[in-house]
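One structure is given below, encoded as C-alpha cells.
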Amino acid sequence: MDIQSYIASGKLELFVLGELSDREREEVLQLSKQYPEIKKELDEIEEAMFAFDNELGVKPSDEVKDKIFDTLSQELDAPKVTKEVTSTPTKEVALQPWKSFAVAASIVALLAIGAAVYYAVRFYDVENRFTSLLEERNVLSQELEINKARFEETGDQLQTLLSNNYERIPMSGESFELQKDALVDVFWDKASHEVFVSVNNLSSLEEEKDYQLWAIGDDGPVGIGIVKPGEKLKLQQMEAAVSAGAFAITIEPKGGSEAPTLENLVVIGEVA
Amino acid sequence: MQEEQLITGLRARDRQTVDYLYEKYSKALFAVISRVIKDRDIAEEVFHDAFVKIIRKIDSYDESKGRLYTWMANVCRNAAIDKTRSKEFSKIQKTNTIDNYVYGLEGSSSTLDAVDGIGVKDLMTNLNEEQRFVVECIYFKGYTHSEISEEYEIPLGTVKSRIRAAINVLKKNINRI
C-alpha cells in the first residue's frame, strides 16, 4: 500500500483527536504496527498536539488539584501504608550497615582517587625530570668524548713539537696590502720534513676561496696544503716540505692551485 | 520520566507518579476540556472527574492502542463532550458557543486574541485561513470533524485534509514554542 498517501489522508490526525470509528481505529493501529513510518507519524502528531495543548492551556486552579488528590487519597495512600508497616523493621536493620558501608566505601574510593591523582602527578613530574637528566647526561658524555679527542690531539701535537726538532717560522702580512694584521706560524722539521701551521690571525674567506701554503725552495714554490683560517692557535698538519727558504700563503680558488697567484700573497716568512 | 515508567507507577497507584502526571499534563488536558467548555467552573469540574477517571481506569489503558497522552486527551475530550450533551448544560452553553463562534468568524481574529501564549499566536499566523478555521473549530470550539462538515457544509474529505495540513504546520513549528 501507499503509506505516504495514507499518512496524507488525515486519518492519523483524526486518530489522535479521537474522532475515528472503532473499525478505523483498529485499522490505524494495525498499520502502525506494520509500518514504522506510520508509527513515527502518529508519535509526532501526538507530541505536536501535546505541545500545542500545553502551550495553549492554563493550569487548573490549585483547589482542583487538592480536590483530585482528596478524591484519590484512599486509593493512593492505602497500599503505601500497609507496605511501610510490613517492611519498615527489616528495612531499617538492613539499611543501616549498608549505608555506613557505602559511606566508608565512598571515602575509601575518594582517598584512592586522591592518592592516584597525587602519585600520577608525581610520577609524571619525576619522569619528566628523569628524561631531562638522561638528555643532559648524553650531552655531557658527548662533550667529554669531544674534549677527550681534543686533549689527545693536543697531546700528540705537543709531543711531536717537543720530541722533534721543529723550527718556528713566523709569517706576517705586514708588507702586503691584503691583510696587514695577518699572522701565521709555520713549524718545520728539517730532518723529517714535517710541516705544521698555527693560525694566529687570518680573516675568513668566501666559500669558493682557500688559503694555500707554499714552501718556496730552489725549485720554486710548492703547494703543501690548505690552511683553515678558523682553527686558531692549533697545529694543522701540512704536507712534507723537503727544502724551503721561505713559506708563504696566498688566496687561491677552492682546493688550491698548481702555482701561486702572487698578487694574492697574504703572508710570507723566511726560514732563518 | 519515561512513558513506560510513568505507566508502571500509575498502575502501582504510586502517589508521586500521580503527582508527576498531574504536573506534567494538567495544563494540556485542561486545555482540551476548556476548548469544549468555556465556563471555567464547569471545565474544572469536568477536569476533576476526568483526571480521577484516568487514574482509576489506568488498568484499562492499552499501550498497544495508542500513546498515553492520546488516551488521556480522549478521556478528557469525551468527558467534556458528554457534559455538553447533558440536559442542564445544553440549555446554557452549546448555542452560546456557536453564536460566539460565528461572531469570531466575522471578527476574524477574536479567538486569536484569546490565545495567551505568544508562541501559539505566532504559530497560528503560520496557518492559512482555511487551516486556521479548522484549528479554531477543533481546538477552540471543540467541534468534531463531522460537526464542522455539517455545520459549514464542507465535504468531510476536505475537512480531513485541512486538519492534516494544519497539524503539519503546527508539527513543523512546535519546536519554536
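Chains as they are written, first to last, in this note's numbering: chain B, 397 to 668; chain H, 566 to 742.
Ideal placement from N, C-alpha and C gives every residue a C-beta, glycine not left out.
Predicted model, so just to flag it, every value in this text is computed and none were measured.
Going by beta carbons, residue 414 of chain B and residue 639 of chain H fall inside the 8 Å limit. Unbroken beta strand (DSSP E) stretches of 3 residues or longer found wholly inside the segment 576-652 of chain B: 579-585, 591-597, 605-613, 616-623, 632-634 and 642-649, given in chain order.
Around the beta carbon of residue 644 of chain B, 16 or more other beta carbons sit within 10 angstroms, so the residue counts as buried. Residue 601 of chain H is outside the set of residues whose beta carbon lies under 8 Å from a beta carbon in chain B. Interface with chain B (8 Å Cβ-Cβ cutoff): residue 639 of chain H is included. At a cut-off of 8 Å between beta carbons, residue 405 of chain B contacts chain H.
Comparing C-alpha distances from residue 442 of chain B to each of B/431, B/397, B/430 and B/409 shows the shortest one belongs to B/409. The beta carbon of residue 449 of chain B falls within 8 Å of a beta carbon belonging to chain H, placing the residue at that interface. Chain B has a Cβ within less than 8 Å of the Cβ of residue 609 of chain H.
Beta-bridge pairing by DSSP links residue 564 of chain B to B/583.
For the C-beta of residue 587 of chain H, the chain B residues within less than 9 Å are, from N- to C-terminus, 461, 464 and 465.
When DSSP reads this structure, residue 663 of chain B sits in a beta bridge with B/645. Boundaries of the alpha helix (DSSP H) around residue 724 of chain H: 721-738.
Using a Cβ-Cβ distance cut-off of 8 Å, the segment 628-648 of chain B and the segment 558-570 of chain B are in contact, since at least three pairs of beta carbons, one from each stretch, lie closer than that value. For residue 647 of chain H, the enclosing alpha helix (DSSP H) covers residues 633-650. Judged by DSSP in its simplified three-state form, residue 714 of chain H adopts helix. The beta carbon of residue 456 of chain B falls within 8 Å of a beta carbon belonging to chain H, placing the residue at that interface. CA-CA distance, residue 559 of chain B to residue 543 of chain B, rounds to 24 Å.
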